[in-house]
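So the structure is just underneath, and the comments pick up after that.
Numbering (our numbering), first residue to last: 86 to 332.
So, in C-alpha cells, the structure goes:
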C-alpha cells in the first residue's frame, strides 16, 4: 500500500523555473483525477524549465500522470527521461522498475555486473561528473607538484594514488561524453511498431520493434523518425509509436 501511494505520489522538490501557476494547476488537475489535463500543463512547464532538478521533477510527474492514464509503457519512457536529470532518485527507480514489470519488460537494472557498473557510471549528472573530475585533477596536480619538489616516497605514493583517483573519476564523465550526444527513442506502442524502408506506411516493412525497445535516432521528418536497428540499418517509425527520451 505504501509503495502504491508512492507510485501515484508527486515529487515534492522545491519549484524552480517552472511557472508556479502551471505547476499548481497541474497538481490540482492530477488530484482531481484528470491526468490528461495535468500532463498538458506539466508538458508546458517542462518547455520553460532549465535546471536539471526541475526538469527531472517534471518528467517524473509526467510519468506518474501517464501511469494514471493507463499508458504504462509511456510512463516507463518518462521515468527513463527523468533519470537523465535525477539518476539517484530512489522513488524514481522504484516507479520505473514497477512499471517495467507491469508492462512485462525486463528490469532496467537486472542486478548483474554489467547493469551495476552502468548504473554506477551514470549515477552522477553531467555537471556533477565534471565537478568530480575537476576536483580529482586538482588533487593530481598538487600530488605531482609535491612529488617533483620533494621527491620523497610519501609524495610518490600520493601521486600514484591521485593518478588512480583521477582515472576512476574520469569514468562518469566519459560515460556522459559518449551517451549525452545520442538522441534515443523508446517504442511505446503496446503492440510494437514496424520499421519501414521509407517514411511511408506503404513502404516495405523491414523489421518489427517490440514495445520498450530503445533505439538511436538517425534522422527525423514530420510524423516520422529514422531509428537504427540492431543491425545498424536506419528504419523509419511513426513518431506516434515512439517517445524521445531526450527532454
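We treat Cβ as the ideally placed atom computed from N, Cα and C, and that holds for glycine.
- In this structure the segment 187–197 does not touch the segment 211–219; the number of beta carbon pairs closer than 8 Å is below three.
- Collapsing the DSSP output to three states places residue 331 in coil.
- The Cβ atoms of residue 218 and residue 274 do not sit closer than 8 Å to each other.
- Between residue 302 and residue 260, the gap from beta carbon to beta carbon reaches 8 Å or more.
- Positions of the alpha helix (DSSP H) runs, each at least 4 residues long and wholly inside the segment 210–278, are given as 211–235, 238–264 in order along the chain.
- Counting only residues of its own chain and dropping the five nearest sequence neighbours on each side, residue 159 has a CB closer than 7 Å to the CB of 151, 273, 328.
- Taking C-beta atoms under 8 Å as the contact rule, residue 110 and residue 126 qualify, at a distance of about 5 Å.
- Two segments are said to touch when three or more pairs of C-beta atoms, one from each, lie closer than 8 Å; by this definition the segment 163–175 touches the segment 138–151.
- Using a C-beta cut-off of 8 Å, the segment 221–237 makes no contact with the segment 281–298, since fewer than three inter-stretch Cβ pairs fall below that distance.
- Taking the Cα positions, residue 155 is about 11 Å away from residue 188.
- With contacts defined by Cβ atoms closer than 8 Å, residue 148 and residue 163 form a contacting pair.
- Secondary-structure assignment with DSSP links residue 311 through a beta bridge to 304, 321.
- The shortest C-alpha to C-alpha distance from residue 317 to any of 300, 305, 310 is the one to 300.
- Scanning its chain for C-beta atoms nearer than 6 Å, with the 5 sequence neighbours on each side dropped, one finds around residue 282 the residues 288, 289, 291, in chain order.
- DSSP, reduced to helix, strand and coil, places residue 186 within a helical segment of the structure shown.
- Residue 280 is positioned such that its CB atom lies no closer than 8 Å to that of residue 326.
- Beta-bridge annotation (DSSP): residue 294 is paired with 278.
- One Cα belongs to residue 330, the other to residue 268, and the distance between them is close to 7 Å.
- Apart from the 5 residues on each side of it in sequence, residue 204 sits with its Cβ closer than 7 Å to the Cβ of 194 in its chain, given in chain order.
- Residue environment: residue 310 is assigned as buried (16 or more neighbouring CB atoms within 10 Å of its CB, all protein chains considered).
- Contact between residue 123 and residue 134 does not hold, since the beta-carbon distance rounds to 16 Å and is not under 8 Å.
- Residue environment: residue 186 is assigned as exposed (fewer than 16 neighbouring CB atoms within 10 Å of its CB, all protein chains considered).
- Cβ-Cβ distances below 6 Å link residue 304 to 311 in the same chain, with the five nearest sequence neighbours on each side left out; the list follows chain order.
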